[in-house]
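**Student:** Residue numbers (my numbering), protein chains in the order written: chain A, 562 to 786; chain B, 562 to 786.
Got a structure here, written out as structure tokens. Questions coming.
There are 2 protein chains.
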Amino acid sequence: MITDTKYPRETARDYALRMLKENILSLELKPGTAISENELSAALKISRTPLREAIVELAKAYLIEIYPQKGSFISLIDPKMVEEARFLRRITDTAVIETACDEITDEGIALLEDNVALQEYYLSKGMTDKIFELDNQFHKSIYVVAKKDIIYEIHSTLMIHFDRVRNLSVETVKDFKVVGDHRAMLEAIKNKDKKTAVELVNKHLGRYQIDEKEIRSHRPEYFKA
Amino acid sequence: MITDTKYPRETARDYALRMLKENILSLELKPGTAISENELSAALKISRTPLREAIVELAKAYLIEIYPQKGSFISLIDPKMVEEARFLRRITDTAVIETACDEITDEGIALLEDNVALQEYYLSKGMTDKIFELDNQFHKSIYVVAKKDIIYEIHSTLMIHFDRVRNLSVETVKDFKVVGDHRAMLEAIKNKDKKTAVELVNKHLGRYQIDEKEIRSHRPEYFKA
DNA sequence: TATACCATACTTGTATACAAGTGCACCATA
DNA sequence: TATGGTGCACTTGTATACAAGTATGGTATA
């Protein structure tokens, strides 16, 4: 597992959680990998207690499977889980952007505008690696504008199921049409144009279409069934 | 806190989680109550470790607030949390019942039919206390039919925010029109009539309309803001 | 050689001890 | 009396020890 250093005020549990999420999402911890509390706590230089609390939390989100007295494992990719996460993302994103159209304020516009402007800047400079983080922030900001930020947070762990499969795509969508999508979404929200906003969300999510068969043929050992 | 005995195979952590959820939902543990890990672990006759794991999980769902080195408290009723839970329930219930119309099978019909028949039986016999449990089961079964049972489970803890406010209503909806709602929903699903099904869900959830002002006037000390 | 068995080295689950920080009550002092 | 300080009894966070179950590999035996 790849580890970095603990933030100053960060608790050992939050540190473990952050490291585990990053490594699962990036597939550094591969689906099916056996993990042991002793081994990981040593790697992170923390004791078993806070590490275990993090593992238990991820097990609740089905990202880790715990078999008592046998071992714990990074969950295999479960198409049903991926589908449920995808379904949930689609219905909440669409409902939330509609609400955002109702709740948008000048401050909200400024928040989204700053983000999109940065995306456009980095895109024009070819600094595309900065865009992923801004992408996530943009979506979160829409939830904030719609006053649904708890929902975003509650769902974020579950979305790892969806996102790690995207990371497995042989050719991740490296064309950055998403930046144009975000600009269009922002304009729709400014115009309080719900219909267009919802269409844009669906189009946007459609870009993340994944070809399960192709991924499975490359990495059959990562899949559950 | 009200405690019962641990199930045979139940882990101490799951036992603590079950007890905490029940007591928070029933308002036996009142909003704002200070809880201490030592005190509760003694009450449940388990050690701090598994109890703490349960508390941490509920803190993630904002049902408990932990202030390090100061204390932990049952979260006050936060209208924003209640609204987000309500919003989430509405959009997922409607999307899921639409999916159920597509995915319904003979087994699914049997599952729902058995449940509704029991509800109707208990209602005719006046054994209305049995209906609450069946109500929850019915909704869960719709998620199962739609193959979205993980979403139901992920959301269930969050819905406690919504449900405990319902329990505070001076006159909880004791009329059992909900049984008729369930019968109508089942028929709509059997007919694959999505439009009617969605209308029924919205009508059904409308019955749980809560009068925040009224509750707040009775128990202002339970509210956050 | 094949098989049954047993020690051993793991695993997670739980209990307990210790660390560090907070707040309050009490007491001394001005 | 009012005020400031100090110790103590709490809190949660973390580390560690122990309990109980599982799998595996080696060994003795048929």
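Glycine included, each C-beta is placed from N, C-alpha and C at the ideal position.
1) Can you tell me which of B/701, B/591, B/657 puts its alpha carbon nearest to the alpha carbon of residue 753 of chain B?
2) Measure from the alpha carbon of residue 772 of chain A to the alpha carbon of each residue in A/691, A/729, A/746, then state which is nearest.
3) For residue 634 of chain B, which beta-bridge partners are listed by DSSP?
4) Considering only their Cβ atoms, is the gap separating residue 571 of chain A from residue 621 of chain B smaller than 8 Å?
5) How far does the alpha helix (DSSP H) with residue 715 of chain B in it reach, from first residue to last?
6) In chain order, which alpha helix (DSSP H) runs of at least 4 residues are fully inside the region 607-694 of chain A?
7) Can you name, in chain order, every residue of its own chain whose Cβ lies under 8 Å from the Cβ of residue 710 of chain B, other than the five neighbours on each side?
8) List the whole-angstrom C-beta distance separating residue 598 of chain A from residue 613 of chain A, where the pair is believed to meet the contact cut-off of C-beta under 8 Å.
9) So, at 6 Å on beta carbons, what are the nonlocal neighbours of residue 567 of chain A in its own chain, with the 5 sequence-adjacent residues on each side left out?
10) With 8 Å set as the bound, which would you pick, yes or no: does the beta-carbon of residue 618 of chain A sit closer than that to a beta-carbon of chain B?
11) What did DSSP end up calling residue 737 of chain A once you bin it into helix, strand or coil?
12) Output, in sequence order along the chain, the residues in the region 644-657 of chain B whose CB is closer than 7 Å to any CB in chain A.
13) Cβ of residue 607 of chain B within 8 Å of Cβ of residue 584 of chain B?
14) May I ask which residues mark the beginning and end of the alpha helix (DSSP H) holding residue 776 of chain B?
15) For the region 757-777 of chain A, enumerate the residues whose C-beta is nearer than 7 Å to any C-beta of chain B, in chain order.
16) Buried or exposed, going by whether 16 or more other CB atoms sit within 10 Å of the CB of residue 582 of chain B?
17) By a C-beta neighbour count over all protein chains shown, 10 Å radius and 16 as the cutoff for buried, is residue 693 of chain A buried or exposed?
18) Under a CB-based cut-off of 8 Å, is residue 708 of chain B close to chain A?
19) Any idea which residues DSSP pairs residue 784 of chain A with across the strands?
20) By the 7 Å beta-carbon criterion, what residues does the region 575-608 of chain B contribute toward chain A?
21) Is it right to say residue 636 of chain A is buried, meaning 16 or more other beta carbons lie within 10 angstroms of its own, or is it exposed?
22) Is there a C-beta anywhere in chain A that falls below 8 Å from the one on residue 612 of chain B?
23) With DSSP collapsed to three states, give me the class of residue 587 of chain B.
24) Could you check which residue in B/712, B/670, B/592 has the C-alpha nearest to that of residue 780 of chain B?
25) Nearest by alpha-carbon distance to residue 764 of chain A: which of A/727, A/655, A/602, A/627 is it?
26) Does residue 704 of chain A come out as helix, strand or coil in the three-state DSSP assignment?
27) Please tell me whether residue 621 of chain B has its Cβ less than 8 Å away from any Cβ of chain A.
28) Do residue 647 of chain A and residue 723 of chain A have their beta-carbon atoms positioned less than 8 Å apart in this structure?
29) Pick from B/708, B/596, B/629, B/682: whose alpha carbon is nearest that of residue 640 of chain A?
30) With a threshold of 8 Å between beta carbons, is residue 625 of chain B in contact with chain A?
31) Whose Cβ in chain B lies nearer than 8 Å to the Cβ of residue 641 of chain A?
32) With a threshold of 8 Å between beta carbons, is residue 672 of chain B in contact with chain A?
33) Could you name the residues of chain A that residue 719 of chain B contacts, counting a contact when the two beta carbons are closer than 9 Å?
34) Return helix, strand or coil for residue 521 of chain A, following the three-state DSSP convention.
35) Buried or exposed for residue 688 of chain A, please, with buried defined as at least 16 other CB atoms from any protein chain shown within 10 angstroms of its CB.
**Tutor:** According to the structure data:
1) Comparing Cα positions, the closest option is B/657.
2) A/729
3) B/595, B/626
4) No.
5) 710-717
6) 609-621, 640-664, 667-685
7) 701, 704
8) 6 Å
9) 576
10) Yes, its Cβ sits closer than 8 Å to a Cβ of chain B.
11) coil
12) 645, 648, 649, 652, 653, 656
13) no
14) 773-779
15) Of all residues in the region 757-777 of chain A, none is placed with a Cβ closer than 7 Å to any Cβ belonging to chain B.
16) buried
17) Residue 693 of chain A should be labelled exposed.
18) Flagged as an interface residue toward chain A: residue 708 of chain B, by a C-beta distance shorter than 8 Å.
19) Per DSSP, A/638.
20) none
21) Residue environment analysis places residue 636 of chain A among the buried positions, since at least 16 neighbouring C-beta atoms fall within 10 angstroms of its C-beta.
22) Interface flag for residue 612 of chain B against chain A is unset, since no Cβ pair is found closer than 8 Å.
23) coil
24) B/592
25) Comparing Cα positions, the closest option is A/655.
26) The three-state secondary structure of residue 704 of chain A, taken from DSSP, is helix.
27) At least one C-beta of chain A is nearer than 8 Å to the C-beta of residue 621 of chain B.
28) yes
29) B/708
30) no
31) Those are 708, 711, listed as they occur along chain B.
32) no
33) 711, 712, 715
34) One cannot answer for residue 521 of chain A here, as it falls past the ends of chain A, which runs 562 to 786.
35) The residue is exposed, with fewer than 16 neighbouring Cβ atoms inside 10 Å.
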